[in-house]
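Chemist: Numbering (this note's numbering), first residue to last: 30 to 512. Glycine included, C-beta positions come from ideal geometry on N, C-alpha and C. Computed from a prediction, not measured in an experiment: that's the story for all the values here.
Structure (structure tokens):
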């Protein structure tokens with residue numbers, strides 16, 4: 030089939046009979062017309078449409094090794110550093126198209142599926158492991174331009190590292206039965222962003238200190254699989270007006286809880302089960318982290334560039350560029366952009382072939398980016414709030430400008446360089462980015478995108494090659510090798 034367009038994507042999602050619960054009711058009717066999902070589905074469709082653009086097709090696609098059709102470049106398994114750069118150029122176009130606001134743009138999960146397939150041999154000849162099913166999923170996704178979300182977080186009943194769930198009814202999703210058709214899953218999982226809005230859901234475990242053998246599994250199933258339900262949080266779409274809600278009306282990604290009610294996962298869909306060692310080893314050694322982070326940092330750079338543009342437009346609109354504290358604040362954002370760009374390029378420059386012949390970006394620079402971004406993004410949001418000051422909260426709506434008070438608004442809300450309606454558009458954008466429910470979710474999302482920032486910093490400390498530096502100091506002080 031090859032790459033799809035936006036219309037084909039929307040039609041495919043609409044045809045599915047996924048069980049999605051929103052505000053106490055199961056959604057019926059056409060999902061792409063529902064107010065909570067209409068904007069994000071249209072935005073995703075626009076990404077698929079870019080693949081059909083004659084000027085971009087060579088950058089966004091490559092030729093299938095199987096069918097010779099054009100397929101999405103985010104599925105490309107890189108063999109060279111130039112392949113890595115090709116992937117990044119493709120992801121930059123999609124990220125800038127959405128201003129970095131979509132954490133689950135299709136290229137993120139395409140990269141995850143590609144990384145799983147590139148590392149599938151880790152599971153070879155291990156008990157209850159089926160690496161051939163991972164390869165089959167990858168090829169099916171690649172050739173049909175499938176979309177995915179994933180879930181790997183267990184319910185927060187008790188976050189103690191020593192907690193071991195023992196309830197009679199499973200809370201965390203577990204295998205409760207096996208039969209000739211497959212494994213049966215019962216229980217819940219968090220947190221699937223865009224849950225129910227993709228072709229399939231990828232389910233696996235994040236490494237942790239203890240988990241039951243019955244939780245050591247991984248698979249991918251269609252989102253409309255019988256017994257699988259998606260429970261939505263409250264929508265952060267402020268409304269359909271692009272004037273009033275320029276970001277949430279287009280980029281609000283619903284987050285969902287997944288409930289597995291005796292869900293049968295066919296054997297051909299299972300990657301592994303009942304093997305704690307294999308589950309841990311696969312997630313620790315596979316190329317998921319390098320490729321997923323490479324995509325995420327590319328997106329985060331685009332998002333930070335967008336924030337700089339918003340901040341500078343605020344400065345121009347109210348003419349505060351002459352103040353040094355304003356210049357210092359904007360310089361913080363510039364420093365963040367250039368730091369993230371340098372780390373991303375270093376990850377590509379220091380890339381190396383793994384044992385299966387695929388070019389992995391260097392993980393250390395990407396881990397540094399993981400440590401930096403959760404700290405700088407909330408600060409950049411704060412900078413925009415500080416520049417906008419009281420102007421961020423006295424914002425009329427689109428209908429106000431269509432009413433008899435328009436003349437008052439034109440007079441009293443004009444900017445130094447902008448008429449009133451344009452000034453309000455700019456400030457509403459800044460508000461939606463940093464202060465609305467959508468904006469505050471964005472800050473929280475980036476703070477925890479790859480997990481607890483403290484844990485990520487600890488991983489960086491343990492993984493960083495510090496030995497040569499210690500050895501240099503020891504030689505300088507002529508220290509003895511033994512205590």
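(1) Between the C-alpha atoms of residue 269 and residue 332, what's the straight-line distance to the nearest angstrom?
(2) What does the alpha-carbon distance come out to for the pair residue 226 and residue 496?
(3) Using DSSP's beta-bridge definition, name the partner residues of residue 50.
(4) For the region 158–183, list the alpha helix (DSSP H) runs that are entirely contained and at least 4 residues long, ordered along the chain.
(5) Taking the alpha helix (DSSP H) that residue 39 falls in, what are its first and last residues?
(6) For residue 379, which residues from the same chain have a beta carbon less than 6 Å from its beta carbon, with the 5 sequence-adjacent residues on both sides left out?
(7) Return the residue from the list 427, 387, 361 that minimises the CA-CA distance to residue 412.
(8) Using a Cβ distance threshold of 8 Å, determine whether the region 135–153 contacts the region 281–293, with at least three qualifying pairs required.
(9) According to the neighbour-count rule (16 or more other Cβ atoms, all chains shown, within 10 Å of its Cβ), is residue 129 buried or exposed?
(10) For the putative contact between residue 388 and residue 84, defined by C-beta atoms under 8 Å, what is the C-beta separation to the nearest angstrom?
(11) Could you tell me whether the Cβ atoms of residue 271 and residue 278 are closer together than 8 Å?
(12) Assign residue 328 to one of two classes, buried (16 or more other C-beta atoms within 10 Å of its C-beta) or exposed (fewer than that).
(13) Is the CB-CB distance between residue 257 and residue 141 below 8 Å?
(14) Under DSSP, the beta strand (DSSP E) around residue 498 begins and ends at which residues?
(15) For residue 101, report the span of its beta strand (DSSP E) as first-last.
(16) Residue 317: which of 149, 250, 447 sits nearest, CA to CA?
(17) Does the Cβ of residue 410 have 16 or more other Cβ atoms within 10 Å, making it buried, or fewer, making it exposed?
(18) Taking the alpha carbon of residue 377 as the point to measure from, which residue in 322, 419, 501, 403 has its own alpha carbon closest?
(19) Does the Cβ of residue 117 have 16 or more other Cβ atoms within 10 Å, making it buried, or fewer, making it exposed?
(20) Does the distance from the CB of residue 419 to the CB of residue 486 come in under 8 Å?
(21) Taking the CB atoms as reference points, tell me whether residue 421 and residue 456 lie closer together than 8 Å.
(22) For residue 175, tell me which candidate among 119, 41, 218 has the shortest Cα-Cα distance.
(23) For residue 506, does the count of other Cβ atoms within 10 angstroms reach 16, so buried, or fall short, so exposed?
(24) For the structure I just gave you, are there three or more beta carbon pairs, one from the region 362–370 and one from the region 473–485, closer than 8 Å?
(25) Check for me: the alpha helix (DSSP H) holding residue 89 runs from which residue to which?
(26) For the alpha helix (DSSP H) that residue 308 lies in, which residues bound it at each end?
(27) For residue 478 versus residue 325, is the C-beta distance shorter than 8 Å?
(28) At what residues does the alpha helix (DSSP H) containing residue 438 begin and finish?
(29) I'd like to confirm the pairing. Which residues does DSSP put opposite residue 213 in its beta bridges?
(30) Thinking C-alpha only, which one of 134, 234, 168, 287 is nearest residue 30?
(31) Does the Cβ of residue 57 have 16 or more other Cβ atoms within 10 Å, making it buried, or fewer, making it exposed?
(32) Return the chain-ordered list of same chain residues with a C-beta closer than 6 Å to the C-beta of residue 228, the five sequence neighbours on each side being excluded.
(33) Who does residue 286 pair with in a DSSP beta bridge?
(34) At which residues does the alpha helix (DSSP H) containing residue 62 begin and terminate?
(35) Would you decide whether residue 298 is buried or exposed? Buried here means 16 or more other CB atoms lie within 10 Å of its CB.
(36) In whole angstroms, what separates the C-alpha of residue 35 from that of residue 348?
Modeler: Reading off the structure:
(1) As a first step, residue 269 must be located in the chain shown, where it is residue number 240. As a first step, residue 332 must be located in the chain shown, where it is residue number 303. Spanning the two alpha carbons is a distance of roughly 22 Å.
(2) Translated into positions along the chain shown, residue 226 becomes position 197. Translated into positions along the chain shown, residue 496 becomes position 467. Rounded to whole angstroms, residue 226 to residue 496 spans 47 Å at the Cα level.
(3) The count along the chain shown starts at 1 and reaches residue 50 at position 21. DSSP lists 55, 260 as partners of residue 50.
(4) Fully enclosed alpha helix (DSSP H) runs of 4 or longer: 160–173.
(5) Counted from its first residue, the chain shown places residue 39 at position 10. Counting along the chain, the alpha helix (DSSP H) containing residue 39 begins and ends at 35–44.
(6) For the purposes of this step, residue 379 is taken as the residue at position 350 of the chain shown. Same-chain partners within the cutoff: 391.
(7) The residue given as residue 412 occupies position 383 in the chain shown. Among 427, 387, 361, the Cα nearest to that of residue 412 belongs to 361.
(8) Using a Cβ-Cβ distance cut-off of 8 Å, the region 135–153 and the region 281–293 are not in contact, since fewer than three pairs of beta carbons, one from each stretch, lie closer than that value.
(9) Taking the first residue of the chain shown as position 1, residue 129 is located at position 100. When all chains shown are included, residue 129 counts as buried.
(10) To locate residue 388, count along the chain shown from 1; it is residue 359. To locate residue 84, count along the chain shown from 1; it is residue 55. That belief does not hold up - the Cβ atoms of residue 388 and residue 84 are roughly 27 Å apart, past 8 Å.
(11) In the chain shown, the residue the question calls residue 271 occupies position 242. In the chain shown, the residue the question calls residue 278 occupies position 249. Yes, Cβ-Cβ distance for residue 271 and residue 278 is below 8 Å.
(12) Looking up residue 328 in the chain shown gives position 299. The residue in question, residue 328, is buried, as its Cβ has 16 or more Cβ neighbours within 10 Å.
(13) Position 228 of the chain shown, counted from the first residue, corresponds to residue 257. Position 112 of the chain shown, counted from the first residue, corresponds to residue 141. With respect to the 8 Å criterion, residue 257 and residue 141 are not classified as neighbours on the basis of their beta carbons.
(14) Locating residue 498 in the chain shown gives position 469, where the first residue counts as 1. That residue, residue 498, is in no beta strand (DSSP E); its alpha helix (DSSP H) goes 496–505.
(15) Here residue 101 refers to the residue found at position 72 of the chain shown. First-last of the beta strand (DSSP E) with residue 101: 99–101.
(16) In the chain shown, the residue the question calls residue 317 occupies position 288. Among 149, 250, 447, the Cα nearest to that of residue 317 is on 149.
(17) Taking the chain shown and counting its residues from 1, the one referred to as residue 410 is at position 381. That one is buried.
(18) For the purposes of this step, residue 377 is taken as residue 348 along the chain shown, with counting starting at 1. Comparing Cα-Cα distances from residue 377 to each of 322, 419, 501, 403, the minimum goes to 322.
(19) In the chain shown, residue 117 corresponds to position 88, counting from 1. Under this definition residue 117 is a buried residue.
(20) As a working note, residue 419 is residue 390 in the chain shown. As a working note, residue 486 is residue 457 in the chain shown. For residue 419 and residue 486, no; Cβs fall outside 8 Å.
(21) As a first step, residue 421 must be located in the chain shown, where it is residue number 392. As a first step, residue 456 must be located in the chain shown, where it is residue number 427. For residue 421 and residue 456, yes; Cβs fall inside 8 Å.
(22) Taking the first residue of the chain shown as 1, we reach residue 175 at position 146. Considering only alpha carbons, the answer is 41.
(23) Here residue 506 refers to the residue found at position 477 when the chain shown is read from its first residue. Only exposed fits residue 506, as fewer than 16 other CB atoms lie within 10 angstroms of its CB.
(24) Output reads no: the region 473–485 does not touch the region 362–370.
(25) Residue mapping note: residue 89 aligns to position 60 of the chain shown, counting from 1. Counting along the chain, the alpha helix (DSSP H) containing residue 89 begins and ends at 86–89.
(26) For this step, residue 308 is matched to residue 279 along the chain shown. 305–314 is the extent of the alpha helix (DSSP H) around residue 308.
(27) The count along the chain shown starts at 1 and reaches residue 478 at position 449. The count along the chain shown starts at 1 and reaches residue 325 at position 296. Yes, these two residues count as a Cβ contact at 8 Å.
(28) As a first step, residue 438 must be located in the chain shown, where it is residue number 409. Here the alpha helix (DSSP H) through residue 438 covers 435–441.
(29) Along the chain shown, one-based indexing puts residue 213 at 184. Paired residues: 206, 293.
(30) Indexing the chain shown from 1 puts residue 30 at position 1. Considering only alpha carbons, the answer is 168.
(31) Counting from 1 along the chain shown, the entry for residue 57 is found at position 28. Residue 57 should be labelled exposed.
(32) Working through the chain shown from its first residue, we reach residue 228 at position 199. Around residue 228: 175, 176.
(33) Position 257 of the chain shown, counted from the first residue, corresponds to residue 286. Its beta-bridge partners are 260.
(34) Locating residue 62 in the chain shown gives position 33, counting from the first residue. For residue 62, there is no enclosing alpha helix (DSSP H), as DSSP gives it neither H nor E.
(35) For the purposes of this step, residue 298 is identified with residue 269 of the chain shown, where counting begins at 1. Burial check for residue 298: the Cβ neighbour count within 10 Å reaches 16 or more, so the residue is buried.
(36) For the purposes of this step, residue 35 is identified with residue 6 of the chain shown, where counting begins at 1. For the purposes of this step, residue 348 is identified with residue 319 of the chain shown, where counting begins at 1. So the two alpha carbons sit approximately 41 Å from each other.
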